[in-house]
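Quick note: the sequence shown, position 280, residue 280 per UniProt numbering, numbers continuous. Ideal Cβ positions, reconstructed from N, Cα and C, are used throughout, including at glycine. If you're wondering where the values come from, they're calculated on a predicted model, not measured in any experiment.
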Amino acid sequence: MTPPEPAFLPEDSTFVSFDGAHLGLTVWPAEGTAQPEHVVIGLHGMNDYANAFHMAAPYWAGQGVTTYAYDQRGFGRSPKRGLWPEEEVMRQDLRTAAALARKAHPDATITVVGISMGGSVAISAFGSDNPPDADRLIASGPGLRGWGAMNFLYRASLWASTHTRPGWIVRPPERFVRIEPSDNIEMLRRTWEDSLMLRDNRIDQVYGLVSLMETAHQRVASLSPNLPVLLSYGANDYVVPPKGVKRTAKELPDHVRTVYYENGYHMLTRDLQAETVHADYLAFMVNPAGDLPSHAPEWPFR
């Protein structure tokens, strides 16, 4: 049976991808125009879904930007929730979304904004031999904690657990692990109460995520010099520790820009200072060579 043609179906909150899979889709149309000059494709992070853009996208919409954010496979409203998809399938979904955005908005500048895991997907796709058809890449608090950033004991235990008990559900004890991904406590409360969020993971999901982050690290040096890239990181990011980011920073091509938010956490687009980040990302979309409004510094460990 021939799969249906790829399509954005906003009225059904659906993104039909390359193989006919129906992924969840949320669209924030640009205000005041049906022909936006800028379009964003939003990729959420681990355990999240398109709602990760619920603060950034309305801000951008008010500035004439349309955002298409979809639920990656295994997350939110998309198929096989709670199961890790193949890496290349995730990248092909992004290529398909970019092609659809280009078809719908042929004269617009298209920016991929990847948050955390979404940043890993985007970097690994743009660093491949078949990059998405987009004009900018912004990786917000990108997942850069691959195998090479972990100690031997953790690598060995994760490998062994995945290959013997792939369906094992892991839940870090709250009394031992208290990592705050943001200083926006009210937002965190609403997020944790959202039924579309994943609250725990199979061990093979964790393994798949680490492998994806390693691929992103390995491919970052292959990002095209013709692609404007901005990588952001918060000084208070305890979800993606500095060790992995420092490791990848050494491999960044000269043309890749970085920005370091002294008051930022992992969820930069949803922190209390989120509008500062939204404005910086918008400025980069419009003029990737220009100054960012915040005048925040580059990564100190680059």
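Distance from P241 to R91 at the Cβ level is roughly 25 Å; contact not present, criterion being Cβ atoms closer than 8 Å. Apart from the 5 residues on each side of it in sequence, Q273 sits with its Cβ closer than 6 Å to the Cβ of N263 in its chain, given in chain order. From the listed residues K246, E275 and V286, the smallest Cα separation to E298 is found for K246. A residue is called buried once 16 or more other Cβ atoms fall within 10 Å of its Cβ, and D194, having fewer, is exposed.
Assigned with DSSP and collapsed to three states, G208 falls in helix. Counting the other Cβ atoms within 10 Å of the Cβ of Q35 gives fewer than 16, which makes it exposed. Of P10, R219, W28 and P29, the smallest CA-CA separation from H22 is found for P10.
At a Cβ-Cβ threshold of 8 Å, R302 and L268 do not count as neighbours.
Judged by pairs of C-beta atoms under 8 Å, the segment 195-206 does not touch the segment 286-300, as fewer than three such pairs exist. For S157, the number of other beta carbons within 10 angstroms of its own is below 16, and it is reported as exposed. For R257, the enclosing beta strand (DSSP E) stretches over residues R257 to Y261. In the structure shown, L83 falls within a coil segment according to DSSP collapsed to helix, strand and coil. Listed in chain order, the alpha helix (DSSP H) elements of length 4 or more contained wholly in the segment 138-199 are 152-164 and 185-193. The closest CA to that of Y207, considering only W168, S182 and V239, is found on W168. Beta-bridge partners of T109 (DSSP): H38. Using a Cβ-Cβ distance cut-off of 8 Å, the segment 126-133 and the segment 54-62 are not in contact, since fewer than three pairs of beta carbons, one from each stretch, lie closer than that value.
The closest CA to that of I41, considering only K250, E214 and D93, is found on D93. Within the segment 42-83, the complete alpha helix (DSSP H) segments of 4 residues or longer fall at 56-62, listed in chain order. Nearest in C-alpha terms to D133, of all of H105, G141 and R155, is H105. Annotation for H255: P225 place their beta carbon closer than 6 Å to its own, counting only its chain and skipping 5 residues before and after. Rounded to the nearest whole angstrom, the C-alpha separation of A235 and G244 is 14 Å.
P6 and S17 do touch by the CB rule: their CB atoms are close to 6 Å apart, below 8 Å.
Rounded to whole angstroms, the separation of the alpha carbons of K250 and V220 is 10 Å. Closest by C-alpha distance to V170, out of R270, V259, R199 and R136, is R199. Short of 6 Å from the beta carbon of A125, and not among the five residues preceding or following it, lie these beta carbons of its own chain, in chain order: R91, L94 and P132. Taking 8 Å as the cut-off, the beta carbon of M285 is found no closer than this to the beta carbon of T33.
By the CB criterion at 8 Å, N184 and D48 fall outside the cutoff.
Out of P29, L209, R189 and V27, the CA that lies nearest to the CA of G143 is found in L209.
Annotated three-state conformation of T26 is strand, per DSSP.
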